[in-house]
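Trainee: Numbering that gives the first Met the number 0 puts the first residue of the sequence shown at 0, with every later residue one more than the last.
From the three backbone atoms N, C-alpha and C, an ideal C-beta is built for every residue, glycine too.
Bear in mind the structure is a predicted one, so any value in this text is a computation, not a measurement.
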Amino acid sequence: MNFLRKILFPFAVLYGFVTSVRNILFDKGILKSVAFDLPVIAVGNLSVGGTGKTPQIEYLIRLLSENHKISTLSRGYKRKSEGFVLADATSDAGILGDEPYQFYQKFPSIQVAVDANRINGITQLLSQDNAPEVILLDDAFQHRKVKAGFYILLTAYNDLYCDDLILPAGNLRESRSGADRADVIVVTKCPPQLSAKQQDAIKFRLKPAKHQQVFFTCIEYDGCVYSEEKQLLMEELAGADKLLLAGIAKPEPFFEYLQDAKTETLVFPDHHDFTQRDIEAIKTKAKNNIIITTEKDFVRLKGKLPKEQLFYLPIKSSFLNDSAVFDKIILNYVGTSTGNR
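#1: Out of VAL185, ALA112, LYS295 and ILE29, point me to the one whose CA is closest to LYS249's CA.
#2: Could you spell out where the alpha helix (DSSP H) holding GLN123 opens and where it closes?
#3: How would you label LYS229, buried or exposed, when you count the other beta carbons within 10 angstroms and need 16 or more for buried?
#4: Determine whether the beta carbon atoms of THR262 and LYS241 lie at a separation below 7 Å.
#5: Would you grab the beta carbon distance between LEU7 and ARG175 for me? Rounded to a whole angstrom, and I think it's under 8 Å.
#6: Look up ALA245 in the DSSP assignment and say whether it is helix, strand or coil.
#7: Taking the alpha-carbon of THR154 as reference, which of ALA195, PHE214 and ALA200 has the nearest alpha-carbon?
#8: Tell me, please, whether the region 200-208 touches the region 77-93 by the rule of three or more beta-carbon pairs shorter than 8 Å.
#9: Where does VAL186 land, buried or exposed, given buried means 16+ other C-beta within 10 angstroms?
#10: Going by C-alpha to C-alpha distance, which of ASP269, HIS270 and LEU244 sits closest to GLN258?
#11: Report yes or no: do three or more beta-carbon pairs, one from the region 124-140 and one from the region 26-42, lie closer than 8 Å?
#12: Going by DSSP, what residue range makes up the alpha helix (DSSP H) through ALA200?
#13: Inspect the beta-carbon positions of ILE60 and PHE106 and report whether they are closer than 7 Å.
#14: Measure the CB-CB distance between GLY345 and VAL113 and report whether it falls below 7 Å.
#15: So what does GLY43 bridge to, in DSSP terms?
#16: When you compare each of ASP158, PRO190 and PRO207 to GLY49 by their alpha carbons, which one comes out closest?
#17: With a Cβ-Cβ cutoff of 7 Å, do LYS315 and PRO54 count as a contact?
#18: Can you find the residues in the same chain that come closer than 8 Å, C-beta to C-beta, to GLU124, ignoring five residues on each side of it along the sequence?
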């Protein structure tokens with residue numbers, strides 16, 4: 000434990016005590032959770048940011064949307080709107096937040112909603128004429144006022160919750176024991192070549208409960224980058240002058256994948272609200288070269304930078320093994336659930 004963590008550790012003990020008491024009150028029914036009569040899947044983590052929730056939500060959308068009416072419900076972090084908002088043609092990243100707007104742009108067949116009050120958000124969705132059959136709750140593992148029917152807990156390969164401490168000494172939002180609420184645990188951002196022996200070693204460290212299965216995923220990068228008007232093959236970018244730009248929690252893998260000798264990089268905070276001053280700084284550093292950013296940043300930068308310069312690199316979550324097992328678990332829950340009580 001480094002010096003700063005030693006100083007902050009007493010505050011972490013206090014924070015952990017408060018969150019533990021809250022969880023006990025929900026577990027005993029003293030604080031009430033609301034369940035709804037349709038399948039509700041919550042995706043979240045124990046730590047603060049950077050575990051790959053967006054690719055996991057998108058994986059579930061692809062899995063379920065062909066045969067079910069899907070809605071995603073997010074808080075809409077850093078959005079400029081308030082209350083319940085259902086995405087439509089007038090929406091943008093400022094109204095919805097970057098991740099929900101990304102869902103809306105990529106999956107026009109589903110409903111995308113935001114509301115910090117998840118109970119109200121679900122109630123509003125169910126009151127629509129075209130009510131959903133399945134709701135995906137984004138970043139809702141600690142939102143215990145809603146009782147989801149199925150919980151997916153994410154933890155990053157290089158930042159496992161079993162190795163972390165509670166805020167502010169570490170990055171955990173609650174005690175590691177909160178992992179017991181999960182139905183499945185997904186270790187994200189793994190090296191694609193992670194062996195079965197290495198996976199077993201991680202499972203041993205996580206110590207899953209008997210009812211839990213542990214899965215392993217990696218980030219799979221697209222073979223092209225995309226602008227509003229065209230796409231370029233990755234081979235066309237080799238050796239080209241370019242600026243890599245990221246405003247996400249942990250941008251290192253993105254940079255490592257694209258970086259070469261002629262690459263400049265520019266880093267902004269997660270969910271950064273790009274100002275005009277930022278835009279001018281980006282233009283100056285990029286000169287007339289191509290700018291490649293993440294999908295999440297692209298939805299916030301689109302329209303602010305020249306469209307012939309601005310490209311994004313799509314990613315998706317890919318299971319190292321047992322994807323059919325994971326899919327079957329999810330499909331069985333959705334197919335057999337008449338609710339989540």
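Mentor: A quick look at the data gives this:
#1: Residue LYS295 is the option with its Cα nearest to LYS249.
#2: Boundaries of the alpha helix (DSSP H) harbouring GLN123: 117-125, taken from the DSSP string.
#3: So LYS229 ends up on the exposed side.
#4: Cβ distance < 7 Å, so THR262 and LYS241 count as in contact.
#5: Not confirmed; about 17 Å, so no contact.
#6: Strand at ALA245.
#7: Checked all of ALA195, PHE214 and ALA200; the closest Cα to THR154 is PHE214.
#8: With a cut-off of 8 Å, the region 77-93 and the region 200-208 do not count as touching, because too few Cβ pairs lie within range.
#9: Looking at its Cβ environment, which holds 16 or more other Cβ atoms inside 10 Å, VAL186 is buried.
#10: Comparing Cα positions, the closest option is LEU244.
#11: They touch, by the three-pair rule.
#12: If you look at ALA200, you'll find it in the alpha helix (DSSP H) that goes 195-205.
#13: Judged by beta-carbon spacing, PHE106 lies within the 7 Å limit of ILE60, meaning their Cβ atoms are closer than that value.
#14: An answer regarding residue 345 cannot be provided, because it is not within the stretch 0 to 340 covered by the chain.
#15: According to DSSP, GLY43 bridges with LEU152.
#16: The residue with the shortest Cα to Cα distance from GLY49 is ASP158.
#17: Their beta carbons are under 7 Å apart, which means LYS315 touches PRO54 by this criterion.
#18: The amino acid at residue 124 is misidentified as Glu; the sequence shows Leu. Sequence-distant Cβ neighbours of LEU124 in its own chain, meaning closer than 8 Å and more than five residues away, are SER70, LEU72, LEU85, GLN110, ALA112, ALA130, PRO131 and ILE134.
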